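Peer 1:
Protein chains: 2
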Amino acid sequence: MLTIDGLQYSNWSRSIFEQMREGGLDCVHVTIAYHETCQETLRNIGQWNKLFEQHGDLICPVGSASELLKAKQEGKTGVVFGFQNCSPIEDDYSLVEIFHTLGVRFMQLSYNNQSLLATGCYEAKDPGITRFGKQVIREMNRVGMVIDMSHSAELSTLEAIELSERPIAITHANPVFFESALRNKSDTVIKALGESGGMLGFSLYPFHLKNGPDCTLAEFCQMVGDAAEMMGVDHIGIGSDLCQDQANSVVEWMRNGRWSKTTDFGEGSSSNAGWPRQPDWFSNSTHYGNIAKGLTDHGFSDDDVEKVMGKNWLRFFESSFSAS
Amino acid sequence: MLTIDGLQYSNWSRSIFEQMREGGLDCVHVTIAYHETCQETLRNIGQWNKLFEQHGDLICPVGSASELLKAKQEGKTGVVFGFQNCSPIEDDYSLVEIFHTLGVRFMQLSYNNQSLLATGCYEAKDPGITRFGKQVIREMNRVGMVIDMSHSAELSTLEAIELSERPIAITHANPVFFESALRNKSDTVIKALGESGGMLGFSLYPFHLKNGPDCTLAEFCQMVGDAAEMMGVDHIGIGSDLCQDQANSVVEWMRNGRWSKTTDFGEGSSSNAGWPRQPDWFSNSTHYGNIAKGLTDHGFSDDDVEKVMGKNWLRFFESSFSAS
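Residue numbers (this note's numbering), protein chains in the order written: chain A, -16 to 307; chain B, -16 to 307.
In C-alpha cells, the structure reads:
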C-alpha cells in the first residue's frame, strides 16, 4: 500500500521519523512556513537540510512523483515542502519560482487572515483574489506549485479554483456537513474542487472532527464515504494536520504571528488555549493502518482504499509539480 | 504665512531644498516608503539622515508641531516622514512604535492594492479593514501615528474613520466632484472625514486635476472653495503630491513594485506611461505663493488662506503626533 499524508506539522525528531517508517508512510507534505518572511523561510529550509543529513536513512526530500517512488523503493519517507501562507514570497511574484527551485510544492494563498493574495477563513468579509493574487496564481501555474486553500475563505477559494489553470488542493480540511468549523469547507467548495480535478485531504485535527477528540474511526470513515459520493473517489486523500510533540508556544505563533497584540485563540478558546488531544486511533504516524482498515470496514473496495491512502495524491503530484 | 505641504515625493537635492526655502515652505511630509520592507525603509531613513547632515542649513527632521515652529524660526524647512503603504511594518504591529520613534508620523493603510490592513483604490472589491488592520489602527492611535487613506478604497476609508479613535488624514487627493479619478474621494468620504475632525490635503498631481496639466489656478481654487463648504474650512490643506525630478523608473516602481509581472500603468496608460507634466502655476516648491494668491482671488479671507496654506495642518500635527 502506498501511503501519502497531505499535511503534517510536527516537532520533527528521529523518533517521529521512525514512527513514519513503522506506519508505512511513504511521503508527507510538511509545513515550513506560517508567518515567516522570505529569509526566515530560507532558515527553515536550512533546518530541514540538517534533518536530511542527520536522518538520511529514514527521510529524503521529494519534489516529484518519481522521486517519491524512488524514496519508497529505498524504504524512506519522502518529504515535500509547503507553505501555509504566502508570507515567504513577501510582495515579490518572482520568489515563487525561487522557492519552487528550493523544493516548495504547495503554497496556501492565505492563512486565516487577509493576505496580499486572498482572504483567510477568519476574516469577516471575503472579496476574493486580489490583483497581486492573480499574478501569483499565474506564476504558480507556470512553475508547478500547487495552490492550497485549506485556510482560505469561501469566495477566495472558489475564485482560486476558477482562476487557476491547473487543479488546486485543499490539503487539510473536512466538509462542513461533517463538522461546521470555519476551517471546514462547504458543499459548494467541495463540489467545485472535485469537478475541477482538485484534491481534498481529510484532516484528523480534532477541531475539524465531529465530537472533537472523541470522534470515532467509523464516524470519520463515514465522512470520507459521504465526501467520495459528493466529489468522486479520485479526488480525496489524507491530510492529517498532525502536529505532534509541539509546545503550546507553537500554536500561539500559528494563531497570533506578529500581527495580534491581543491573544487570538483561533479554533480554541481562553479555557482551551493549547493543542487539542488527538483521537486515540490516530495520535501518531504509526496509525495510518487504522484508517485503511476503517475505510475497508466502511465498505470501500481495496482499490478505493488504495486511492484514498495514497494513489490519488501520487497522481495529483505527477501532474502538478513540474512546469506547465 | 505658515506654509505646510501634506505630501511630496521628489528626487531630493540641494536645489529642491533651496526652492523650498525660496517658496517659504516651512514643513513638508515626505514619503519614505511605497513597497519597501522594514529593512529597506531603515536604509531610506539612513539616506535622509545623510541629507540632514549635508543640508542642515536648509532642512531638519520634525516630529512635532513645536519642532516645526522651531524649524520655521531658524529659517529651515521641517521634514516629517511618512509611508504610502504599510509594507515597512510587514506583519508586525510592534514595528509601528519603532518607526514612530524613528520619526514616522503618517502611514497609509494601503497603496492602490489590497494590503494586510486595508484595500487599495484599484482593487475590484473592498471588504474594509482586516483583522490585522484593526490591531494596527489601535497601535497607531496609541503612539501617535496618523492613519492616511489617500490611496485606499472607499469602504476601507470609511471604516478607518470609524474605527480610529483619533482623526485621520487623506494627505493627498481631491474630491471626485472635481475629477472622477479612482484616486479621488467621494462626497461621502469627504463629509465623514470633515465630521470626524480629519484633514484633506489637496493634490496638484495632474491625474487628480480637472483637465490634467491644463487645470487653471482658478479651477483649482474653486474646488478648494467647494470642498471647504462641504467639510469645513478647518479640515483642508495642501498635499501637493509633487514628484520633482524623478526618473520614469520611479513611477514604474510606485505602480508595479515587485508584485506585477505584467506592466501596470496605474493612472497613466501605455501611451502615457511616464510622469505627467505639472500645471505651470505649480511646478516646484517656489510656487506656494501662487496658490495663496489664487485662494485670495477666489474670495477666501486672509484668515482662511492662512488655515489652508498651513495653520490647519499645524493644528492637526499638534493633536496627532504624540501618544494618546
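Just so you know, even glycine gets a beta-carbon here, dropped at the ideal spot from N, CA and C. Since the model is a prediction, treat every value here as computed from it, not as a measurement.
Taking DSSP's pairing of strands, which residues face S252 (chain B) in a bridge?
Peer 2: If you number the second sequence from 1, residue 252 (chain B) lands on position 269. For S252 (chain B), which the question treats as bridged, DSSP gives the partners B:N255.
Peer 1: Sort A:I153, A:T199, A:N231 and A:S70 by Cα distance to G277 (chain A) and report the nearest one.
Peer 2: As a position in the first sequence, residue 277 (chain A) is number 294, starting the count at 1. Of the candidates A:I153, A:T199, A:N231 and A:S70, the residue whose Cα lies closest to the Cα of G277 (chain A) is A:T199.
Peer 1: Report all residues from its chain with a CB closer than 8 Å to the CB of D209 (chain B); omit the five preceding and five following residues, and keep chain order.
Peer 2: One-based indexing of the second sequence puts residue 209 (chain B) at position 226. Hits under 8 Å: P158, F160 and F161.
Peer 1: For H370 (chain B), decide whether its Cβ has a neighbour in chain A, counting only Cβ atoms nearer than 8 Å.
Peer 2: Residue 370 (chain B) is absent from the structure shown; chain B starts at -16 and stops at 307.
Peer 1: Evaluate D131 (chain A) with the Cβ neighbour count: other Cβ atoms within 10 Å of its Cβ, from every protein chain shown; 16 or more gives buried, anything less gives exposed.
Peer 2: For the purposes of this step, residue 131 (chain A) is taken as residue 148 along the first sequence, with counting starting at 1. By the neighbour-count rule (16 or more Cβ atoms within 10 Å), D131 (chain A) is buried.
Peer 1: Give the interface partners of D74 (chain B) over in chain A, defined as CB-CB distance under 7 Å, in chain order.
Peer 2: Counting from one through the second sequence, the residue named residue 74 (chain B) turns up at place 91. Per Cβ cutoff of 7 Å: H18, S70, G240, R241 and W242.
Peer 1: For S179 (chain A), which residues from the same chain have a beta carbon less than 6 Å from its beta carbon, with the 5 sequence-adjacent residues on both sides left out?
Peer 2: Here residue 179 (chain A) refers to the residue found at position 196 when the first sequence is read from its first residue. Excluding sequence positions up to five before and after S179 (chain A), its CB lies within less than 6 Å of the CB of I144 and P150, all in the same chain and listed in chain order.
Peer 1: Could one say the Cβ of T14 (chain B) lies closer than 8 Å to chain A's Cβ atoms, at least one of them?
Peer 2: Locating residue 14 (chain B) in the second sequence gives position 31, counting from the first residue. Taking Cβ atoms only, chain A never reaches closer than 8 Å to T14 (chain B), which makes this a no.
Peer 1: Can you find a CB in chain B that lies within less than 8 Å of the CB of F115 (chain A)?
Peer 2: Within the first sequence, the letter at position 132 stands for residue 115 (chain A). Yes, contact with chain B.
Peer 1: Given 8 Å as the limit, is there contact between the segment 73 to 90 of chain B and the segment 102 to 113 of chain B, that is, 3 or more CB pairs closer than that?
Peer 2: no
Peer 1: Report the residue from A:I(-13), A:G(-11), A:S(-7) and A:T(-14) whose alpha carbon sits nearest the alpha carbon of V233 (chain A).
Peer 2: Here residue 233 (chain A) refers to the residue found at position 250 when the first sequence is read from its first residue. Nearest option by C-alpha distance: A:S(-7).
Peer 1: How should D(-12) (chain A) be labelled, buried or exposed, when 16 other C-beta atoms within 10 angstroms of its C-beta is the threshold for buried?
Peer 2: By 1-based counting over the first sequence, the position of residue -12 (chain A) is 5. By the 10 Å Cβ count, D(-12) (chain A) comes out buried.
Peer 1: Alpha carbon to alpha carbon, what distance is there between A152 (chain A) and G103 (chain A)?
Peer 2: Residue numbering aside, residue 103 (chain A) sits at position 120 when the first sequence is read from its first letter. Residue numbering aside, residue 152 (chain A) sits at position 169 when the first sequence is read from its first letter. Between G103 (chain A) and A152 (chain A), the C-alpha separation is close to 15 Å.
Peer 1: Please classify T246 (chain B) as buried or exposed, where buried requires at least 16 other C-beta atoms within 10 Å of its C-beta.
Peer 2: Counted from its first residue, the second sequence places residue 246 (chain B) at position 263. Flag for T246 (chain B) reads exposed.
Peer 1: Between which residues of its own chain and G86 (chain A) is the CB-CB distance below 6 Å, once the five residues before and five after are set aside?
Peer 2: To locate residue 86 (chain A), count along the first sequence from 1; it is residue 103. Same-chain partners within the cutoff: P44, G46 and F64.
Peer 1: Using a cut-off of 8 Å between C-beta atoms, extract the partners of Y105 (chain A) located in chain B.
Peer 2: Counting from 1 along the first sequence, the entry for residue 105 (chain A) is found at position 122. Within chain B, the residues near Y105 (chain A) are R114.
Peer 1: Give a yes or no on whether the C-beta atoms belonging to G177 (chain B) and G215 (chain B) are separated by under 8 Å.
Peer 2: Looking up residue 177 (chain B) in the second sequence gives position 194. Looking up residue 215 (chain B) in the second sequence gives position 232. Taking 8 Å as the Cβ cut-off, G177 (chain B) and G215 (chain B) qualify as a contacting pair.
Peer 1: Is the shortest distance between the beta-carbon of E212 (chain A) and the beta-carbons of chain B less than 8 Å?
Peer 2: Along the first sequence, one-based indexing puts residue 212 (chain A) at 229. It does not; no Cβ of chain B falls within 8 Å.
Peer 1: Is Q118 (chain B) closer than 8 Å to K244 (chain A) when the C-beta atoms are compared?
Peer 2: Working through the first sequence from its first residue, we reach residue 244 (chain A) at position 261. Working through the second sequence from its first residue, we reach residue 118 (chain B) at position 135. Yes, these two residues count as a Cβ contact at 8 Å.
Peer 1: Comparing the C-beta of Q97 (chain B) with each C-beta of chain A, is any distance below 8 Å?
Peer 2: For the purposes of this step, residue 97 (chain B) is identified with residue 114 of the second sequence, where counting begins at 1. At least one chain A Cβ lies under 8 Å of Q97 (chain B).
Peer 1: Using a C-beta cutoff of 8 Å, does Q118 (chain A) count as contacting chain B?
Peer 2: Here the question's residue 118 (chain A) lines up with position 135 in the first sequence. True, the Cβ-Cβ gap to chain B drops below 8 Å.
Peer 1: Would you kindly report the start and end of the unbroken alpha helix (DSSP H) that includes L78 (chain B)?
Peer 2: For the purposes of this step, residue 78 (chain B) is taken as residue 95 along the second sequence, with counting starting at 1. L78 to T84 is the extent of the alpha helix (DSSP H) around L78 (chain B).
Peer 1: So is E142 (chain A) in contact with chain B if we call contact Cβ pairs under 8 Å?
Peer 2: Position 159 of the first sequence, counted from the start, is the residue given in the question as residue 142 (chain A). Not one chain B Cβ lies under 8 Å of E142 (chain A).
Peer 1: To the nearest angstrom, report how far apart T60 (chain B) and Q205 (chain B) are at their CA atoms.
Peer 2: By one-based count along the second sequence, residue 60 (chain B) stands at place 77. By one-based count along the second sequence, residue 205 (chain B) stands at place 222. Each residue's alpha carbon lies about 28 Å from the other.
Peer 1: Under 8 Å, do N295 (chain B) and D170 (chain B) count as touching if we go by C-beta distance?
Peer 2: To locate residue 295 (chain B), count along the second sequence from 1; it is residue 312. To locate residue 170 (chain B), count along the second sequence from 1; it is residue 187. Not closer than 8 Å, so no.
Peer 1: For K59 (chain B), decide whether its Cβ has a neighbour in chain A, counting only Cβ atoms nearer than 8 Å.
Peer 2: Residue mapping note: residue 59 (chain B) aligns to position 76 of the second sequence, counting from 1. So, not an interface residue.
Peer 1: Once you ignore the five residues that flank E301 (chain B) on each side, which residues in its own chain have a CB closer than 7 Å to its CB?
Peer 2: As a first step, residue 301 (chain B) is located in the second sequence; it is residue number 318 there, counting from the start. Closer than 7 Å at the Cβ level, and outside the excluded window around E301 (chain B), lie A48.
Peer 1: May I have the straight-line CA-CA distance separating H270 (chain A) from Q261 (chain A), to the nearest angstrom?
Peer 2: As a working note, residue 270 (chain A) is residue 287 in the first sequence. As a working note, residue 261 (chain A) is residue 278 in the first sequence. Using only the alpha carbons, I get a separation of about 12 Å.
Peer 1: Buried or exposed for K55 (chain A), please, with buried defined as at least 16 other CB atoms from any protein chain shown within 10 angstroms of its CB.
Peer 2: Position 72 of the first sequence, counting from 1, holds the residue named residue 55 (chain A). It counts as buried.
Peer 1: P189 (chain A) CB to nearest chain B CB: under 8 Å?
Peer 2: Counting from one through the first sequence, the residue named residue 189 (chain A) turns up at place 206. Judged by the 8 Å Cβ criterion, P189 (chain A) is not in contact with chain B.
Peer 1: Could you tell me which chain B residues have their CB closer than 7 Å to the CB of E137 (chain A), listed as they occur along the chain?
Peer 2: Residue 137 (chain A) sits at position 154 when you count from the first residue of the first sequence. Those within 7 Å of E137 (chain A) in chain B number zero; the least Cβ separation is about 13 Å.
Peer 1: Closer than 9 Å by beta-carbon distance: list the chain A residues that pair up with S77 (chain B), in chain order.
Peer 2: Indexing the second sequence from 1 puts residue 77 (chain B) at position 94. By Cβ distance, chain A contributes R241 and K244.
Peer 1: Inspect the beta-carbon positions of F89 (chain A) and L100 (chain A) and report whether they are closer than 8 Å.
Peer 2: In the first sequence, counting from the first residue as 1, residue 89 (chain A) sits at position 106. In the first sequence, counting from the first residue as 1, residue 100 (chain A) sits at position 117. Cβ atoms of F89 (chain A) and L100 (chain A): not closer than 8 Å.
Peer 1: Exposed or buried, what is K290 (chain B) when buried is set at 16 or more other beta-carbons lying within 10 Å of its beta-carbon?
Peer 2: Stepping through the second sequence from its first residue, residue 290 (chain B) is reached at position 307. The residue is buried, with at least 16 neighbouring Cβ atoms inside 10 Å.
Peer 1: Under 7 Å Cβ-Cβ, which residues of chain B neighbour E122 (chain A)?
Peer 2: To locate residue 122 (chain A), count along the first sequence from 1; it is residue 139. Here the neighbours are K244.
Peer 1: For the segment 256 to 279 of chain A, list every residue whose C-beta sits within 9 Å of some C-beta in chain B, in sequence order.
Peer 2: If the cut-off is 9 Å between Cβ atoms, the segment 256 to 279 of chain A has nothing near chain B.
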